[in-house]
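Residue numbers (this note's numbering), protein chains in the order written: chain L, 2 to 128; chain Y, 2 to 128.
C-beta atoms are modelled at their ideal positions from N, C-alpha and C, and glycine is treated no differently.
The structure appears right after this line, and notes come after that.
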DNA sequence: TGTATTTTTGCAACTTAGTTGCATTAAATT
DNA sequence: AATTTAATGCAACTAAGTTGCAAAAATACA
Ligand SMILES: [Mn+2]
Ligand SMILES: [Mn+2]
Ligand SMILES: [Zn+2]
Ligand SMILES: [Zn+2]
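This is the structure:
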C-alpha cells in the first residue's frame, strides 16, 4: 500500500506535470493524450496519483477539474493548502505559493478553504 | 432596460429565495419545480435575475451551481464579495456575512476571489 | 521458469448538468 | 385590435465525468 505502479500511462501522465506551479486541466490532458490512451485511463491514473499525494485537484472558474503537482504531500499527509490563480486572458492556471489561514466563523467548524483568484497573469498584464 | 418582468415563473422562483443567507442549488430548484415549469425556464430565469443583481451564483464543492439572494447589488453594481460555506454533513450552503479582501500577489493583477469554506454547520456540530 | 492472481487498461454505454434552436404563448407597444 | 417583443416548452444536443465488463499487462509464487 502507498506505492504507485509506474506503468506506461502513469509515467506519461506524470511527465506532463512540471516541477513548477502550473496546473493542467483534465480535459486538456485527455485531449493531448487522445491517441495514446483512453480518457477513462487518464481519469483513473490521475485519481491514483492524487490518492498517493503526488498531485492534487481543484476546480477552475468554469467548473473544470485541474491538477497540479504536490510539493509536500504523501498518501498519509495531504498538506497543500494554497490559493489557485486563473488568468482571465490566457486561461493559465497555477498554484500560488502562499498559505491560507482557515478563518474562524461564528458557530461553524471550518475544515477546508478553497480559494480561487482570477485576474491577469504577469505575461498578460504587460501586453 | 434594467427591470425584471414579474412573470409567473419569476415570482415562483423568487419565492424560493429566503431573505436570509441560505443558497439553493439549480439542480434542487429544477427538481422542486419540475411539474410547474421546464428546466430551461429555471436556468433562464435565474440568469436574468442574476443579470439584474437580485441573486448571485457560485460553485459548490461538487461543482454544482448555487444561487443566493444579493443584498446590495444592482445591474450596474455587483458588489457581493463574501465567502460561501458548505456543510459536509447536511449539505446546506450559505453566504457568510464577512467581507473578503483581495490579496496582493506578486506580478499578478487580482480581480476576483472565490472562497468556498467547508466543514460543519451549527446544527450538525451539536449532534 | 510457467502458472495463478491481481491490477490496469480499453471500449462502449451511461449519467448528469447545462445549453441551443425553434415553434408557441404571453405580455407589452402602437 | 394589430403589431412587436420577450418568455416559455420541448426535444435534441453538448460535454465532463463515471461504470461495467472483458482483455491485457504486471506481479506473485509454486
Ligand atoms: Mn495547487
Ligand atoms: Mn453569496
Ligand atoms: Zn495570462
Ligand atoms: Zn449541516
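C-beta contact flag for residue i and residue j at 7 Å
i: residue 61(Y); j: residue 112(L); result: no
i: residue 82(L); j: residue 56(L); result: no
i: residue 43(L); j: residue 30(L); result: yes
i: residue 110(Y); j: residue 63(L); result: no
i: residue 67(L); j: residue 26(L); result: yes
i: residue 106(Y); j: residue 53(Y); result: no
i: residue 124(L); j: residue 108(Y); result: no
i: residue 28(L); j: residue 65(L); result: yes
Inter-residue CB distance, residue i and residue j (contact presumed, cutoff 8 Å)
i: residue 84(Y); j: residue 116(Y); result: 4 Å
i: residue 1(L); j: residue 96(L); result: The requested residue 1(L) does not occur in the structure, where chain L is confined to residues 2 to 128.
i: residue 13(L); j: residue 51(L); result: Contact flag wrong, Cβ pair sits at about 17 Å.
Bridge partner(s) assigned by DSSP for residue i
i: residue 115(L); result: 117(Y)
i: residue 96(L); result: 85(L)
i: residue 57(Y); result: 69(Y)
i: residue 110(Y); result: 121(L)
i: residue 133(Y); result: Residue numbering for chain Y in the displayed model covers 2 to 128; residue 133(Y) lies beyond these limits and cannot be assessed.
Near ligand 6: residue i beta-carbon under 6 Å from a heavy atom
i: residue 124(Y); result: This structure simply doesn't include ligand 6; it includes ligand 1, ligand 2, ligand 3 and ligand 4 instead.
Examine the Cβ distances between the stretch 86 to 98 of chain L and the stretch 86 to 99 of chain Y and report whether three or more of them are shorter than 8 Å. no
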